[in-house]
Structures are given as C-alpha cells and as structure tokens.
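Have a look at the structure below before the remarks.
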Amino acid sequence: GAGVSQSPSNKVTEKGKDVELRCDPISGHTALYWYRQRLGQGLEFLIYFQGNSAPDKSGLPSDRFSAERTGESVSTLTIQRTQQEDSAVYLCASSLQLYEQFFGPGTRLTVL
Amino acid sequence: SQQGEEDPQALSIQEGENATMNCSYKTSINNLQWYRQNSGRGLVHLILIRSNEREKHSGRLRVTLDTSKKSSSLLITASRAADTASYFCATDKGGGNKLTFGTGTQLKVEL
Chain A
1 GAGVSQSPSN KVTEKGKDVE LRCDPISGHT ALYWYRQRLG QGLEFLIYFQ
51 GNSAPDKSGL PSDRFSAERT GESVSTLTIQ RTQQEDSAVY LCASSLQLYE
101 QFFGPGTRLT VL
Chain B
113 SQQGEEDPQA LSIQEGENAT MNCSYKTSIN NLQWYRQNSG RGLVHLILIR
163 SNEREKHSGR LRVTLDTSKK SSSLLITASR AADTASYFCA TDKGGGNKLT
213 FGTGTQLKVE L
C-alpha cells in the first residue's frame, strides 16, 4: 500500500519568505507527527496530531512555525518569514497505534 | 535537547562481522525504539523494546535495555553491505508517543 508522502521533496526559498510543506499520511492512521532533522543530527520533534484532540505543539521552535491537519488526513507545516537556521529536512510520520511510526521521505528546505 | 546519545558516532566493519551500537538517555521512558536511515529508503522502524523488557530479538537484530543505567544497545549480527546506514535510538516518554531521537551512529559495512 501507499506509504507516507511529502511534498515538495526539495524547496529552496529566500530568507523572509513563507513556505508550506505538505504531508499525506497513510490512510487510516490517526496520529501524525512532524520532525525536523538538521544536517548530521537526529530528529527534533515539532508537533503531534492525534485524532480530534488538540495538537501537541510543544516542539515548535518559534511562533513562525505552525501546522494544521484536516481531520485524519493531510497536514501542512507552515514556516513564516523563513530564516537560514530553518534549513533542514522536515519529516512527517504517521501511526495507527501508539508505537511504530512510518516516516515519509522528507522535504529538504534550503533558506538562502 | 537530545534525549538519546548514541555511540560510537561512526563505525566501520567488514561484512560478516557483528556491529554494536549503544544509546544512553536521561529521563524515564515508556519504550525505546531503534530506527535506520539511509538515502534510499528514508527512516525505517527496526525494533521497539518496552521499559519492562530487558532484551528483544528480531532476525539479525538484538536489542537490550537497562533502565537502571538508562542505556540500550543494538547488535546487528552477520552484517551485510546493505546494513550500511545511520542508526538512531528514539525514546518515548509516554503521553502521545512523541519520540526523542539521538544523534545517530553511522555504520559502514565494507565488502
């Protein structure tokens, strides 16, 4: 079956611009996660959606970051007024049960 | 902040040898998971060990967990070139399965 998909795969933007990253989770997965991975580093948790509950935004690094999820489907991560330090790979994951997470291929964001 | 720290940061072995990677963490956990990441397949879940378990096996993988030392190890036996990847431990402290990842071990298996 289809896995988690993300778009775009690569995004190059200028400092100060806004960007939107998209995640399509595996159908039926109730939980969705966003992580950020800087070059040579592990993943940093950003935000977590579970069903209709309020999202856990505790990992968002600043108020320039926000995310939405429509029901139990698509999610978008928005970064406003991008900074060079936002350059990273942004990974989305979904899960059906509270254990194994299935990751998408990521969006590589480069802020010039 | 990094919950998990893996060591070594990099490991190079010959095909057929065993590879051992270690992970240390700082706070109490619900479970600990190991993931593999390579450019071809992205991030893939390998194995999960719960806080009340001490050892778990899956194929050529063996994971141990010592909650008193807040540490875990991943052993890959009879390594293959295809095992070349970065390996991350990730801890789940409960409350939603938010994972906290370590910095990873880069494993290179040479023919």
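Protein sequence lines, in the order shown, are assigned to chains A and B. Take the first sequence: its letter number 7 is residue 7 in the numbering used here, and every next letter is one higher. In the numbering used here, each residue's number is its place in the second sequence (first place is 1) plus 112. The beta-carbon is built from N, C-alpha and C at its ideal position, and this holds for glycine as well. Bear in mind the structure is a predicted one, so any value in this text is a computation, not a measurement.
Return the CA-CA distance between A:A31 and A:S58, expressed in angstroms with no decimal places.
In the first sequence, residue 31 of chain A corresponds to position 31, counting from 1. In the first sequence, residue 58 of chain A corresponds to position 58, counting from 1. Using only the alpha carbons, I get a separation of about 16 Å.
In chain A, which residues lie with their C-beta within 8 Å of the C-beta of B:G171?
Position 59 of the second sequence, counted from the first residue, corresponds to residue 171 of chain B. The contacting residues do not exist; B:G171 stays about 16 Å from chain A at best.
Are the C-beta atoms of B:T215 and some chain A residue less than 8 Å apart?
Start at 1 with the first residue of the second sequence, and residue 215 of chain B comes out as number 103. Yes, B:T215 counts as interfacial toward chain A.
Short Cβ contact (8 Å threshold) for B:Q145 with B:A197
Position 33 of the second sequence, counted from the start, is the residue given in the question as residue 145 of chain B. Position 85 of the second sequence, counted from the start, is the residue given in the question as residue 197 of chain B. No, the Cβ-Cβ distance between B:Q145 and B:A197 is not below 8 Å.
Can you list, in chain order, the residues of its chain with a C-beta nearer than 7 Å to that of A:S66? Leave out the 5 residues immediately preceding and following it.
For this step, residue 66 of chain A is matched to residue 66 along the first sequence. Closer than 7 Å at Cβ, skipping near neighbours: T78.
Restricting to runs no shorter than 4 residues, where is the alpha helix (DSSP H) found entirely within the segment 123 to 173 of chain B?
none
Under 7 Å (Cβ pairs) to chain A, residues found in the segment 198 to 213 of chain B:
F200, G208, N209, K210, L211, T212, F213
Are the CB atoms of A:Q6 and A:C92 nearer to each other than 8 Å?
Position 6 of the first sequence, counted from the first residue, corresponds to residue 6 of chain A. Position 92 of the first sequence, counted from the first residue, corresponds to residue 92 of chain A. Yes. Within cutoff.
What does B:L155 reach in chain A if we use C-beta pairs closer than 7 Å?
Taking the second sequence and counting its residues from 1, the one referred to as residue 155 of chain B is at position 43. Residues of chain A passing the Cβ test: L91, F103.
Going along the segment 33 to 45 of chain A in order, which residues come within less than 9 Å of chain B, judged by CB to CB distance?
Y33, Y35, Q37, G40, Q41, G42, L43, E44, F45
Compare the beta carbon distance of B:T217 and B:Q121 with 8 Å and say whether it is the shorter of the two.
Within the second sequence, numbered from 1, the residue matching residue 217 of chain B stands at position 105. Within the second sequence, numbered from 1, the residue matching residue 121 of chain B stands at position 9. Taking a C-beta distance under 8 Å as the contact criterion, B:T217 and B:Q121 qualify as a contact pair.
Which residues of chain A have a Cβ atom closer than 9 Å to the Cβ of B:L187, listed in chain order?
Residue numbering aside, residue 187 of chain B sits at position 75 when the second sequence is read from its first letter. Correct list: empty, because the minimum Cβ distance to chain A is about 20 Å.
Same chain only: Cβ atoms within 8 Å of B:N130, ignoring 5 sequence neighbours per side:
Residue mapping note: residue 130 of chain B aligns to position 18 of the second sequence, counting from 1. Setting aside the 5 residues that flank it on each side, B:N130 is surrounded in the same chain by L187, I188, T189, A190, S191, each with a C-beta closer than 8 Å to its C-beta; the list follows chain order.
Could you give the C-beta distance for A:K15 and A:V89, rounded to a whole number, given that I count them as a contact under 8 Å?
Mapped onto the first sequence, residue 15 of chain A falls at position 15. Mapped onto the first sequence, residue 89 of chain A falls at position 89. That belief does not hold up - the Cβ atoms of A:K15 and A:V89 are roughly 18 Å apart, past 8 Å.
Check whether chain A comes within 8 Å of B:L160, counting only Cβ atoms and requiring the distance to be less than that.
Residue numbering aside, residue 160 of chain B sits at position 48 when the second sequence is read from its first letter. It does: the Cβ of B:L160 has a partner Cβ on chain A nearer than 8 Å.
Is DSSP giving A:Q50 helix, strand or coil here?
Numbered from 1 along the first sequence, position 50 holds the residue referred to as residue 50 of chain A. Strand at A:Q50.
CA-CA distance, A:E100 and B:A194?
Within the first sequence, the letter at position 100 stands for residue 100 of chain A. Within the second sequence, the letter at position 82 stands for residue 194 of chain B. Answer to the nearest angstrom: the Cα atoms are 22 Å apart.
Any idea if B:K210 is buried or exposed, counting beta-carbon neighbours within 10 angstroms, 16 or more meaning buried?
Start at 1 with the first residue of the second sequence, and residue 210 of chain B comes out as number 98. So B:K210 counts as buried.
Flag this pair as touching only if the segment 19 to 34 of chain A and the segment 44 to 56 of chain A have three or more C-beta atom pairs under 8 Å; answer yes or no.
Taking 8 Å as the limit for Cβ pairs, the verdict is that the segment 44 to 56 of chain A does touch the segment 19 to 34 of chain A.
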